[in-house]
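A.B. asks:
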Amino acid sequence: MTIDEVHAAAVAVGDTWELLLVNDLRRTRLVQYAGASGDFNPVHSDDVNAREVAGLPGVFAHGMLTMGMTGRVVTDVFGVARVEHFGGRFTAQVWPGDTLIARATVDAINVDERGSAAQLSIATVNQHGVEVLRGRAVVRLPH
Amino acid sequence: MPEFPIESMNVRAFAQAIGDHDPVHVDPTCSDAVQLGGLAAPLTFVLAAAQVDPGYPLRPRDDQPWHGSGATSGHLDPLGVGLLHAEQTFDYHRPVLVGDVLTADDGPWRSWDKPSSRGGVLHFQERVTVFRDPDGLPVVTATARTVIPEPEPEPDPEPEPEPEDEG
Numbered sequence: 040m041t042i043d044e045v046h047a048a049a050v051a052v053g054d055t056w057e058l059l060l061v062n063d064l065r066r067t068r069l070v071q072y073a074g075a076s077g078d079f080n081p082v083h084s085d086d087v088n089a090r091e092v093a094g095l096p097g098v099f100a101h102g103m104l105t106m107g108m109t110g111r112v113v114t115d116v117f118g119v120a121r122v123e124h125f126g127g128r129f130t131a132q133v134w135p136g137d138t139l140i141a142r143a144t145v146d147a148i149n150v151d152e153r154g155s156a157a158q159l160s161i162a163t164v165n166q167h168g169v170e171v172l173r174g175r176a177v178v179r180l181p182h
Numbered sequence: 009m010p011e012f013p014i015e016s017m018n019v020r021a022f023a024q025a026i027g028d029h030d031p032v033h034v035d036p037t038c039s040d041a042v043q044l045g046g047l048a049a050p051l052t053f054v055l056a057a058a059q060v061d062p063g064y065p066l067r068p069r070d071d072q073p074w075h076g077s078g079a080t081s082g083h084l085d086p087l088g089v090g091l092l093h094a095e096q097t098f099d100y101h102r103p104v105l106v107g108d109v110l111t112a113d114d115g116p117w118r119s120w121d122k123p124s125s126r127g128g129v130l131h132f133q134e135r136v137t138v139f140r141d142p143d144g145l146p147v148v149t150a151t152a153r154t155v156i157p158e159p160e161p162e163p164d165p166e167p168e169p170e171p172e173d174e175g
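If you read the sequences in order, they're chains A and B.
Read in order, the letters of the first sequence are residues 40 to 182 in the working numbering.
Read in order, the letters of the second sequence are residues 9 to 175 in the working numbering.
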């Protein structure tokens, strides 16, 4: 389903949806994230240093830029205030030019004394279908 | 770490950088912000506490050498060549709101090694940081895991063949 068809109050186990996070990631975006986060590691913002000193093909994205963008596949549906847990593992590097899509799947809905909470698994993939982030989230569902 | 004030322009810049256009980050009159009693920070925002950490090593400082390029290509990161952020999780005790003043309570680094599937060893480190409000109540618990991969040592070169005795 598209993310617009997902309704926080009506999610069910097995529901899955996608969100395009970024199309053709630009280097400027990495600089923008560096300034906003305070992480000025040259491997993310200094192409000369990344190539000539670190021996990389060039700058690559902060893992936390990918994770920050990925959070939207959860918060665009449920809102930031309903999220109880969010996180994941960085499974491949993200490079300028990449296009990223995040996918969320409802694995379980648990009922407790405070109501119900959905367990989501999350995967962000690049334009080659390579997974760059694998994570999970727990969201408190509206009554 | 000193106090980490959650400020609206910082939240706005962060939301813009991650492409998060939810009005709850920027418009105090939107219904979600009204309901929460303020603008909310994005899920991963608390790591921007690096901005107020006086010893944060990945910010250029006038009184310290910086390893990025300038007249030369610069140097390797003196802190950890090949250090990668491997995993990050957040547990939310309540939303982070503009106007909050948090403190970051860093736990100790815990470290362990694991054999790599590609040969060699992976050196992992993990640290739990609890962001608290002025009453000491936890707001977000952030767990960071880093890894430094150490490749398998090169096998010893083949011993030189003994020279043939020409005698």
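For each residue, glycine too, the CB sits at the ideal point set by N, CA and C.
Report the neighbours of A:N62 on chain B: residues whose CB is nearer than 9 Å to its CB, in chain order.
C.D. replies: Correct list: empty, because the minimum Cβ distance to chain B is about 10 Å.
A.B. asks: By DSSP, does A:D115 sit in helix, in strand, or in coil?
C.D. replies: helix
A.B. asks: Please report whether the beta-carbon of B:G76 lies at a distance below 9 Å from any beta-carbon of chain A.
C.D. replies: yes
A.B. asks: Which residues in the same chain as B:E11 place their Cβ atom closer than 8 Å to its Cβ, once the five residues preceding and following it in sequence are excluded?
C.D. replies: Closer than 8 Å at Cβ, skipping near neighbours: V60, V109, L110 and T111.
A.B. asks: In chain B, which residues lie with their C-beta within 7 Å of the C-beta of A:M106?
C.D. replies: T52 and Q96
A.B. asks: Tell me A:G126's beta-bridge partners as DSSP assigns them.
C.D. replies: A:R175 and B:T97
A.B. asks: Please state whether the Cβ-Cβ distance between A:L60 and A:T163 is less than 9 Å.
C.D. replies: yes
A.B. asks: Considering only their Cβ atoms, is the gap separating A:V177 from A:L159 smaller than 9 Å?
C.D. replies: yes
A.B. asks: Which residues mark the beginning and the end of the beta strand (DSSP E) in which A:L30 is found?
C.D. replies: No statement about residue 30 of chain A is possible, as the shown extent of chain A runs from 40 to 182 and does not include it.
A.B. asks: Is there a C-beta anywhere in chain A that falls below 9 Å from the one on B:S81?
C.D. replies: yes
A.B. asks: Go through its chain and collect everything with a Cβ distance to A:S155's Cβ below 6 Å, but skip five positions before and after it.
C.D. replies: I148 and L180
A.B. asks: Specify the secondary structure class of A:I42 as computed by DSSP and reduced to three states.
C.D. replies: A:I42 falls in the helix class under three-state DSSP.
A.B. asks: Closer than 7 Å by beta-carbon distance: list the chain A residues that pair up with B:P103, in chain order.
C.D. replies: V119 and A120
A.B. asks: Check each residue of the region 80–106 of chain A: if its Cβ is closer than 7 Å to any Cβ of chain B, include it; give the result in chain order.
C.D. replies: N80, P81, D85, V87, N88, E91, V92, A93, G102, M103, L104 and M106
A.B. asks: B:T97: which of A:G174, A:Y72 and A:V92 sits nearest, CA to CA?
C.D. replies: A:G174
A.B. asks: Between B:Q59 and chain A, is the shortest Cβ-Cβ distance under 9 Å, so that the two count as touching?
C.D. replies: yes
A.B. asks: Can B:A56 and A:S76 be called in contact, C-beta distance under 9 Å?
C.D. replies: yes
A.B. asks: Determine the DSSP secondary structure at B:V148, reduced to helix, strand or coil.
C.D. replies: In this structure, B:V148 counts as strand in the three-state DSSP scheme.
A.B. asks: Which residues of chain A have a Cβ atom closer than 9 Å to the Cβ of B:P142, listed in chain order?
C.D. replies: Result: empty, since nearest Cβ-Cβ is about 20 Å, beyond 9 Å.
A.B. asks: Around the C-beta of A:V82, are 16 or more other C-beta atoms found within 10 angstroms, so that it is buried, or is it exposed?
C.D. replies: buried
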